[in-house]
Each structure stands twice: as C-alpha cells, then as structure tokens.
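Here the structure is laid out as structure tokens; the discussion comes afterwards.
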Amino acid sequence: MSTVATSQIKLTPEHARPRASVRSRLQDALPKLVLAPSFAITIVFVYGFILWTIYLSFTNSKTFPSYVISGSRAYQRLWGWTFDTDPPSSWYTSITNMGIFGFLYILICLALGLFLAILLDQKIRGEGVLRPIYLYPMALSFIVTGVAWKWFLDPGLGLEQTLHQWGWTSFHFDWIKNKDFVIYTVVIAGVWQASGFIMAMFLAGLRGIDGEIMKAAQIDGATTFQLYRRIVIPLLRPIFLSAFIVLAHLAIKSYDLVVALTSGGPGGSAWLPSNFMYEYTFKRNEMAVGSASAVIMLMTIVAIIVPYLYSELREKPR
Amino acid sequence: MSTVATPARPTASRQASGGMNVKLVNRIVIYGLLALFALFYLMPLFVMLVTSFKTMDEIQNGNMLSLPKAPTFDPWLKAWGETCVGLTCAGIKGYFWNSIKMVVPAVIISTLLGALNGYVLTKWRFRGATLVFGLMLFACFIPFQSVLLPMATILGSVGRFGVTLQNSIGTSLGLGNSTVNLVFVHVVYGIGFTTLFFRNYYEAFPTELVKAAQVDGASFFQIFRRIMLPNSMPIFVVTVIYQFTNIWNDFLFASAYAGTGDSMPMTVALNNVVNTSTGVVEYNVNMAAAMIAALPTLLVYVLAGRYFVRGLMAGAVKG
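Protein sequences appear in the order of chains D and Y. Under the numbering used here, the first sequence has 155 at position 155, and the numbering climbs by one with no breaks. Under the numbering used here, the second sequence has 51 at position 51, and the numbering climbs by one with no breaks.
Structure, rendered in structure tokens:
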C-alpha cells in the first residue's frame with residue numbers, strides 16, 4: 001500500500017557535458033520516448049474518446065453518428081423521461097436502481113467485510129482455509145457469478161424448490177422474477193462476489209495495527225467492543241476510503257452481472273445506467289441518448305475519483 | 001443473521017472460573033458464524049459443480065443440494081464439444097481458445113509496457129511526470145461506457161480498411177480481426193493499471209543502484225534489463241495474474257466488439273449458451289460451461305492466491 005512518495009532524486013544525466021552529441025541527446029530523450037507511446041495512447045483513446053462521446057451526446061445521432069450539433073436535446077430527453085413520464089422511464093429505473101444497488105452494495109460489503117475480518121482476526125484456527133473460501137468469488141467473472149446465482153435464486157429450481165422439498169412449503173422467494181425486487185438479487189450476487197475481497201483489505205489493515213496500542217487499551221480495562229469501536233475502527237479509516245473507492249467504481253461499472261443474472265430483469269427493471277447506455281447505443285439506435293448517459297456515468301465517477309487521486313498524488317509535504 | 005447460539009454448557013471441572021465459560025461461548029459463536037459464512041460463499045459453487053454432473057432427469061426431480069446419484073461427465077463433454085452457441089452447435093471449445101488467443105498477447109504486451117513505464121516514471125523522473133502518471137491512473141477508473149462508442153467507430157473503420165487491404169494486396173494484416181481488436185483494446189485500457197503496479201513497486205527500489213550503474217556507463221535499457229527486470233519477479237507475477245483475470249473475465253468489450261460470430265470470447269459465448277431461449281434448457285450443460293469458463297481464473301487463484309490478493313489490493317489501494 002505504498003503511497004505516492006515523490007522522490008526528489010533526479011536521474012536525468014547531469015547536463016554538464018559540453019558537446020551534446022546527437023547520440024547523447026538521444027540518450028537523454030530515451031526515457032520520454034519509451035513512455036510516449038503509452039501516454040499518447042492514453043490521451044487519444046481515453047481522453048480523446050471521452051471528448052468524442054461528449055460531443056456525440058450533443059448531436060442527434062441515431063443509428064449512425066451524426067456530427068451536427070443539436071444542443072442538449074439528448075440530456076433534456078433523459079431528464080424529461082426521468083421526471084415527466086408515467087410509468088417510469090428506463091433511465092429513471094436505471095438511476096434509481098443505481099442508487100439502491102450502489103448504496104446497499106457498498107454498505108453491506110463494507111459491513112460484512114469488516115465483520116468477517118474482525119472475526120478472522122481472533123486467532124482463528126483454520127484461517128488459512130477460511131480466507132480463500134471467502135475470497136475466491138472475486139476470481140470469477142460476473143457472467144459465471146450471474147449464472148450460478150440465477151440458478152440458485154430461480155423459484156422453480158433453486159432455494160425455494162429445495163426448501164419446499166425439505167417440507168417448508170410456505171417458503172416463497174421469487175425476487176428474481178419480480179420487477180420490484182429484482183435489483184436486490186443483483187445486490188446479493190454482487191455482495192457475494194466482492195465482500196470477501198473487502199474482508200481481505202480490512203484484515204490486512206487489522207494486521208497492520210500496532211499490537212501495543214491494543215494491549216494498552218486492554219490494560220486500561222476497555223472491553224473488546226469498546227476496543228474495536230474506539231480504537232481499531234478509527235485506525236482503519238484509510239482502508240474504508242480505499243474500499244469505498246473500489247466498491248463505488250465496481251458498482252458504477254457493473255454491467256455484466258445484470259445481464260447474466262437477470263437478462264435485464266422483467267421489462268428492463270434491473271437495468272443500471274451501464275445497461276441503459278449499452279441498450280440505447282447499440283440496440284435501440286439512440287446513440288446520442290446513449291452517449292449522454294455515458295457522460296453522466298463518467299461525471300459521477302469523476303466526482304468520486306478525482307478528489308481521491310488528487311489527494312493521493314499531491315506532493316506530500318515532508 | 002441467526003447466530004449459532006449454543007447455550008453455555010456446564011463446564012468441565014477444570015474450567016473453574018466463569019470467565020472461561022464466557023470465553024468458550026464466544027469461541028463457539030465466532031466459529032459458528034465463520035462456518036455459516038463459509039457455507040454462504042461455497043454454496044453457489046457447490047450447486048454449480050454438483051449440477052454439472054447430474055442428468056437432466058435427476059435435476060428436474062431431485063434436490064439441488066444433493067450429490068449426483070449417478071455422476072456423469074456427459075454435460076461437460078457436451079458443453080465443450082456439442083452445445084449450441086447461437087446457431088453454431090460445436091460446443092464452447094472454439095470460444096475458449098478465442099479467449100486464450102486474446103488473453104496471452106494482451107497480458108504480455110500490457111505488462112511489458114507497464115514495466116517500462118513504471119521504470120521511467122520512478123527512475124528517470126522528468127518535469128510533469130506526476131501529471132503524466134495522474135492522467136494514466138485516472139484512465140483506470142473511467143467507466144468504459146464513455147469510450148465504448150468511439151472505439152467501436154474506429155474499429156469499424158479499421159475493419160473496412162482491412163477489407164480493402166485484403167482485396168488489394170491479399171492480406172488484411174490482421175486489421176479488422178476481432179481477436180486483434182480485443183487485444184488492442186485490452187492493452188490500451190490495461191496499461192493504466194500495469195503502470196500503476198510497476199510504478200509503486202519501483203518506487204521502493206533503491207535508486208542508488210540505478211545511479212551507480214549509470215555512473216558505470218550503463219545505458220537506459222541495460223539498466224532495465226540487468227538491474228530492474230531480475231528484481232521484478234514478484235510484481236510481474238502480481239501484474240500478470242491481475243491482467244489475466246481481468247481480461248479473461250471481461251464481458252463489456254467482448255460483447256461490444258466481438259459479440260457475434262465465431263470470434264466471441266468465452267464470456268460472451270457462455271452468456272449466449274445460458275440465455276438461449278430455444279429448446280429445452282439443459283441446466284447441467286449450462287453449469288458445466290460456466291465451470292469451464294471459471295476454471296482458468298480459479299486455477300490461477302488456487303495456484304497463486306497470495307499474489308492474486310496482492311494484485312487486487314494494489315489495484316485497489318492505489319495511488
């Protein structure tokens with residue numbers, strides 16, 4: 001977890017040599033030349049493309065890109081749909097789902113991750129077995145996770161059916177087929193996939209805490225609960241921040257999970273903005289609207305990530 | 001969440017104090033909770049695995065948690081060689097290889113570029129290096145939806161140019177080939193992460209060594225090859241695992257740029273198999289296909305779990 005320490009040492013050859021031959025000048029420029037392609041690629045294919053997408057969002061592109069600016073029509077339509085339509089539009093559904101999913105996913109992953117890490121940190125025998133069990137879902141693709149949970153949550157095949165066979169016939173669990181609840185199944189599968197990883201982050205944080213502090217608090221008569229509430233959890237603040245960033249970023253990007261788990265849900269009721277963007281851009285021939293939704297997604301991420309990166313990369317006073 | 005609350009048992013005579021008693025209950029609760037969560041994480045995998053070895057008959061009439069009564073390997077064989085992906089019924093094996101052909105070059109190229117970038121950014125600092133790094137780092141976090149469409153447009157034009165080349169000089173030079181496209185896309189959007197990994201690793205690498213070598217007249221690339229590379233094994237492992245997992249598991253780019261035809265990668269093919277609406281749904285085959293898609297990354301995780309975690313953490317706790 002290294003911080004961005006900007007070392008002061010400069011290795012650029014001291015420009016003392018009087019006759020800078022072509023060769024030595026080339027040597028001086030070499031590091032920059034090596035970095036240049038990657039930087040150029042980033043500028044063009046990330047920042048250039050973002051500008052391109054922003055531009056498209058102000059046109060009236062449908063199936064094919066059009067480059068005639070037509071104002072903020074796409075945005076007006078998006079937000080118009082959001083607030084003026086009844087029944088709710090797919091954009092309204094998507095952002096509401098994003099709110100529900102993002103909030104629950106981040107909150108539960110943080111809580112569960114922290115809880116499991118604290119449990120695992122109690123000098124548990126078999127930690128070496130448990131940790132990989134909690135963590136392995138992170139290695140799977142969202143598609144595989146979706147397939148597994150789709151089966152597990154299917155009322156006719158999975159959990160409900162199993163409990164019926166065991167005699168609990170009144171048990172009813174059909175969220176995955178219910179347009180009002182389908183987004184919560186996405187939360188379940190998402191939490192299953194990422195919480196083990198958040199646990200690992202917290203566990204690493206717990207292991208990094210100085211044992212002396214804990215001992216001192218115990219000697220002062222702090223109960224275990226107080227110890228965690230007053231001392232340990234405040235010390236884990238940086239981990240909370242990192243975990244939040246990771247989860248927020250995963251949540252806004254979640255696209256595959258919705259596709260594999262729900263195929264979009266009944267009538268698109270499980271859509272997230274990422275699904276909206278894909279559908280409108282590539283399937284409904286509303287390219288400008290799709291681009292506008294992508295821009296809104298990007299802005300959300302910018303609002304979260306940029307302050308974070310700025311504080312990380314800022315030259316730290318020494 | 002129901003806790004496994006075992007009533008405090010009357011303690012054995014050796015445990016005289018009540019404190020010991022409370023401690024014992026605590027331990028039981030902790031282990032009980034941990035075991036319960038282990039079940040939660042294992043359940044879907046377990047169900048997937050047992051289902052993939054059952055016959056359809058047993059799936060329809062049996063319990064999803066029961067072990068297969070007559071384990072059969074047929075669903076796996078069918079998933080690999082016969083099941084229908086879209087209109088082609090030749091199993092998922094072709095798509096598995098598509099993924100391999102995409103993953104290997106993409107991982108190698110992005111990792112090497114990341115190593116070089118990290119080396120320049122830490123040992124050959126120049127004015128503006130932090131800004132350059134910041135710009136590359138931010139690229140890791142963008143939602144790919146914001147570049148999806150322009151990239152599709154560009155890849156489309158490149159593809160048309162490839163056809164022209166094909167017609168005029170007899171070879172398209174790989175332009176327009178879906179696998180080549182995906183390799184390119186994954187390299188472009190992967191170098192941010194690989195650069196981050198190597199930069200953070202090289203940051204801690206003793207600069208004195210590099211300086212000394214420089215004084216001895218070693219060139220930029222000599223220092224990289226002789227000093228940096230031999231000491232970079234751990235970060236190479238981490239980066240390769242991270243990139244491998246990410247690229248293998250990618251679905252968004254794959255479905256946008258290679259979503260149809262014979263060039264689909266594994267994830268897209270799996271989604272097609274599972275969400276196909278024609279005929280009887282063969283759950284056992286679906287589960288076997290999902291297992292096959294999951295195996296490479298699971299294998300990496302099992303073999304190199306420690307590095308896998310470190311990779312995730314570095315990508316996470318970045319900056």
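Note that beta-carbon positions come from the ideal geometry of N, C-alpha and C, so glycine has one too.
Which of helix, strand or coil DSSP assigns to residue i
i: D/Ile-69; result: strand
i: Y/Val-281; result: coil
i: Y/Thr-320; result: In this structure chain Y extends from 1 to 319, so residue 320 of chain Y is not present and cannot be described.
i: Y/Leu-182; result: helix
i: Y/Pro-265; result: coil
i: D/Leu-272; result: coil
i: D/Lys-177; result: helix
i: Y/Lys-69; result: coil
i: Y/Ala-139; result: helix
i: D/Phe-244; result: helix
i: Y/Thr-276; result: coil
i: Y/Trp-330; result: Because chain Y in this structure spans residues 1 to 319, residue 330 of chain Y falls outside the shown range and cannot be described.
i: D/Pro-88; result: coil
i: D/Gln-122; result: coil
i: Y/Arg-14; result: The predicted position of Y/Arg-14 is uncertain, since its pLDDT is 44 and thus under 50; no value can be drawn from it.
i: Y/Leu-49; result: helix
Cβ-based neighbour list, residue i, same chain, cut-off 8 Å, excluding 5 preceding and 5 following
i: Y/Thr-83; result: Cys-89, Gly-91, Ile-92, Val-273, Glu-282, Val-285 and Ala-289
i: Y/Phe-73; result: Phe-53
i: Y/Leu-165; result: Thr-171, Ser-172, Leu-173 and Leu-175
i: D/Ser-2; result: Note that D/Ser-2 has pLDDT 41, beneath the 50 cutoff, so the model's placement of it is unreliable and the number below is only indicative. No residues qualify anywhere along the chain.
i: Y/Lys-101; result: Thr-179
i: Y/Ala-152; result: Ala-256 and Tyr-257
For residue i, the residue or residues it bridges with in DSSP
i: Y/Thr-207; result: DSSP, once it has assigned bridges, lists no residue as partnering Y/Thr-207.
i: Y/Thr-330; result: It is not possible to answer for residue 330 of chain Y, since the shown part of chain Y is limited to 1 through 319.
i: D/Thr-330; result: With chain D covering only 1 through 318, there is no way to say anything about residue 330 of chain D.
i: D/Thr-59; result: D/Ile-69
Nearest neighbour of residue i, chosen from the options [CA to CA]
i: D/Gly-347; options: D/Ala-288, D/Ser-274 and D/Thr-281; result: There is simply no residue 347 of chain D to check, as chain D begins at 1 and stops at 318 in what is shown.
i: D/Leu-140; options: D/Ser-170, D/Ala-189 and D/Thr-223; result: D/Ala-189
i: D/Leu-157; options: D/Leu-112, D/Ala-217 and D/Ile-176; result: D/Ile-176
i: D/Asp-256; options: D/Gly-80, D/Gln-193, D/Gln-27 and D/Leu-35; result: D/Gln-193
i: Y/Ala-269; options: Y/Met-151, Y/Ser-99 and Y/Phe-53; result: Y/Ser-99
i: D/Ile-143; options: Y/Thr-111, Y/Tyr-307 and Y/Ile-292; result: Y/Ile-292
i: D/Ile-245; options: D/Glu-127, D/Leu-309 and D/Phe-49; result: D/Leu-309
i: D/Ile-95; options: D/Met-277, D/Ile-305 and D/Val-306; result: D/Met-277
i: D/Gly-71; options: D/Phe-64, D/Phe-83, D/Ile-54 and D/Thr-63; result: D/Ile-54
i: Y/Arg-125; options: Y/Phe-138, Y/Glu-203 and Y/Gly-62; result: Y/Glu-203
i: Y/Gly-192; options: D/Asn-97, D/Thr-300 and D/Ile-41; result: D/Ile-41
i: D/Tyr-47; options: Y/Leu-77, Y/Leu-252 and Y/Phe-138; result: Y/Phe-138
i: Y/Val-280; options: Y/Gln-60, Y/Val-25, Y/Ala-212 and Y/Phe-205; result: Y/Gln-60
i: D/Ile-337; options: Y/Ala-35, Y/Gly-32, Y/Leu-131 and Y/Thr-245; result: Outside the displayed span of chain D (1 to 318) sits residue 337 of chain D, for which this structure offers no information.
i: Y/Arg-225; options: Y/Leu-149, Y/Lys-23, Y/Ala-115 and Y/Val-302; result: Y/Ala-115
i: D/Ile-304; options: D/Leu-119, D/Ser-242, D/Phe-282 and D/Leu-227; result: D/Ser-242
i: D/Arg-230; options: D/Ala-217, D/Pro-307 and D/Ile-239; result: D/Ala-217
Any chain A beta carbon closer than 8 Å to residue i
i: D/Gly-158; result: Among the protein chains of the structure shown, namely D and Y, there is no chain A.
Same chain, Cβ closer than 7 Å to residue i, five either side skipped, listed in chain order
i: D/Ala-251; result: Phe-101, Gly-102, Tyr-105 and Ile-106
i: D/Leu-114; result: Phe-202
i: Y/Arg-310; result: Val-238
i: Y/Ala-304; result: Val-237 and Ile-241
i: Y/Leu-155; result: Asn-181 and Tyr-257
Chain-order list of residues whose beta-carbon lies under 6 Å from that of residue i (same chain, five-residue window excluded)
i: Y/Ser-328; result: Nothing in the structure corresponds to residue 328 of chain Y, since chain Y is present only between 1 and 319.
i: D/Ala-74; result: Ser-57, Ala-288, Val-289 and Ala-292
i: D/Cys-109; result: Val-191, Ala-194, Ser-195, Ile-198 and Leu-247
i: D/Tyr-92; result: Thr-82
i: Y/Met-64; result: Val-47
Near the ligand SAM: residue i beta-carbon under 7 Å from a heavy atom
i: Y/Leu-131; result: Although the ligand SAM was asked about, the structure shown includes no ligands whatsoever.
**Study point:** Residues of the stretch 252 to 277 of chain D whose Cβ lies closer than 7 Å to any Cβ of chain Y, in chain order
**Key:** Ile-252, Lys-253, Tyr-255, Asp-256, Val-259, Ala-260, Ser-263, Ser-274 and Met-277
**Study point:** chain D contacts made by the stretch 39 to 52 of chain Y, where a contact means CB separation under 9 Å
**Key:** Phe-40, Tyr-41, Leu-42, Met-43, Pro-44, Leu-45, Val-47, Met-48 and Thr-51
Practice item. Quick one: which residues of the stretch 249 to 270 of chain Y get their C-beta closer than 9 Å to a C-beta of chain D? List them in chain order. Key: Asn-249, Asp-250, Phe-251, Leu-252, Ser-255, Ala-256, Gly-259, Met-266, Thr-267, Val-268 and Leu-270
Point to revise | Where the stretch 120 to 144 of chain Y meets chain D: residues whose CB sits under 8 Å from a CB there | key: Along the stretch 120 to 144 of chain Y, going in chain order, the ones with a CB nearer than 8 Å to a CB of chain D are Val-120, Leu-121, Thr-122, Lys-123, Trp-124, Arg-125, Phe-126, Thr-130, Val-132, Phe-133, Gly-134, Leu-135, Met-136, Leu-137, Phe-138, Ala-139, Phe-141, Ile-142, Pro-143 and Phe-144.
Check your understanding: Got a sec: which bits of the stretch 133 to 145 of chain D sit with their beta carbon under 9 Å from any beta carbon on chain Y, in order along the chain?
Key -> Within the stretch 133 to 145 of chain D, the qualifying residues are Ile-133, Tyr-134, Leu-135, Tyr-136, Pro-137, Met-138, Ala-139, Leu-140, Ser-141, Phe-142, Ile-143, Val-144 and Thr-145.
Point to revise | Residues within the stretch 281 to 300 of chain D neighbouring chain Y, beta-carbon criterion of under 9 Å | key: Thr-281, Phe-282, Met-287, Gly-290, Ser-291, Ser-293, Ala-294, Val-295, Met-297, Leu-298 and Thr-300
Exercise for review: Taking a Cβ distance cut-off of 8 Å, strictly less, list which residues of the stretch 189 to 212 of chain D are near chain Y, in chain order.
Suggested key: Taking 8 Å as the upper bound on Cβ-Cβ separation, chain Y lies near residues Trp-192, Gly-196, Phe-197, Ala-200, Met-201 and Ala-204 of the stretch 189 to 212 of chain D.
Practice item. Below 9 Å between beta carbons is the criterion; list the residues of the stretch 145 to 158 of chain Y that meet it against any residue of chain D, in chain order. Key: Gln-145, Ser-146, Val-147, Leu-148, Leu-149, Pro-150, Met-151, Ala-152, Thr-153 and Ile-154
Check your understanding: For the stretch 162 to 191 of chain Y, which residues have a CB atom closer than 7 Å to at least one CB atom of chain D, in sequence order?
Key -> Val-188 and Ile-191
Review point. Using Cβ-Cβ distances below 7 Å, what residues of the stretch 76 to 109 of chain D are close to chain Y?
Key: Considering only beta carbons, no part of the stretch 76 to 109 of chain D lies closer than 7 Å to chain Y.
Review point. Going along the stretch 32 to 66 of chain D in order, which residues come within less than 7 Å of chain Y, judged by CB to CB distance?
Key: Lys-32, Val-34, Leu-35, Ser-38, Phe-39, Ile-41, Thr-42, Phe-45, Val-46, Phe-49, Ile-50, Trp-52, Thr-53, Leu-56 and Pro-65
Exercise for review: Residues of the stretch 64 to 79 of chain Y with a CB closer than 8 Å to any CB of chain D: list them in chain order, please.
Suggested key: Met-64 and Leu-65
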